[in-house]
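Trainee:
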Amino acid sequence: MRRIGKRWRILVKYCLRSTLMASLFLFCTACLSKKEYSEEEIKSLIDQEVNRKITDYRNAKIKACQDEALREATHIVDSLLIVEAYFERDTLSRPPKPVKPNEDIPKIKGPDTIQLKPLFEGKKKKVKIDTLGKKNKGIQ
8 MRRIGKRWRI LVKYCLRSTL MASLFLFCTA CLSKKEYSEE EIKSLIDQEV NRKITDYRNA
68 KIKACQDEAL REATHIVDSL LIVEAYFERD TLSRPPKPVK PNEDIPKIKG PDTIQLKPLF
128 EGKKKKVKID TLGKKNKGIQ
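The sequence shown begins at 8 in the working numbering and counts up one residue at a time.
1) To the nearest angstrom, how far is it from the Cα of Asn109 to the Cα of Ala80?
2) List, from N- to C-terminal side, the beta strand (DSSP E) runs of 3 residues or more that fit wholly inside the stretch 41–111.
3) What does the alpha-carbon distance come out to for the pair Gly129 and Ile112?
4) Hey, how far is the Cα of Arg16 from the Cα of Asp54?
5) Let me know the secondary structure DSSP gives Leu123 once reduced to three states.
6) Can Tyr64 and Leu52 be called in contact, C-beta distance under 9 Å?
7) Given that a residue counts as buried once 16 or more other Cβ atoms are within 10 Å of its Cβ, and exposed if not, what is Gln147?
Spelled out as structure tokens, the structure:
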């Protein structure tokens, strides 16, 4: 730890002395300025303070009651708006699906009347290479 130099010690000493002197001066002035009150003045000061506290308490209670009333009124209005919106919604909905008939689909009896023909006319060609590039044997 570094040593404090001589100048710093002197400075600290003067700061402590000046702080002590200032606090002593303030203490003395506070003691000298003390005023003596009579009993009537004390009663009037107590009454003023009690009245101020009663007024503050009354104002706080009124504010709390107003806030509670506002909260309840907001809840009621919100509930009424929700109910009103519920009853005003569109009463028309999608129509129901039609009922399927109970009858079975009749089956066609008899031979097919359409003759089948090949898709491509002509000779069948052998495929030498498939799409992968390998030779295929016997694929037509």
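Ideal Cβ placement from N, Cα and C applies to all residues, glycine included.
Mentor: Reading from the atomic positions:
1) Position 102 of the sequence shown, counting from 1, holds the residue named residue 109. Position 73 of the sequence shown, counting from 1, holds the residue named residue 80. Ala80 has its alpha-carbon roughly 58 Å from the corresponding atom of Asn109.
2) none
3) Taking the sequence shown and counting its residues from 1, one reaches residue 129 at position 122. Taking the sequence shown and counting its residues from 1, one reaches residue 112 at position 105. Approximately 41 Å between the Cα atoms of the pair.
4) As a position in the sequence shown, residue 16 is number 9, starting the count at 1. As a position in the sequence shown, residue 54 is number 47, starting the count at 1. Their backbone Cα atoms lie some 55 Å apart in a straight line.
5) By 1-based counting over the sequence shown, the position of residue 123 is 116. Coil.
6) As a first step, residue 64 must be located in the sequence shown, where it is residue number 57. As a first step, residue 52 must be located in the sequence shown, where it is residue number 45. Contact flag unset, no.
7) Taking the sequence shown and counting its residues from 1, the one referred to as residue 147 is at position 140. For Gln147, the predicted model reports a pLDDT of 49, less than 50, meaning its position is unreliable; a value from the coordinates is still stated below. So Gln147 ends up on the exposed side.
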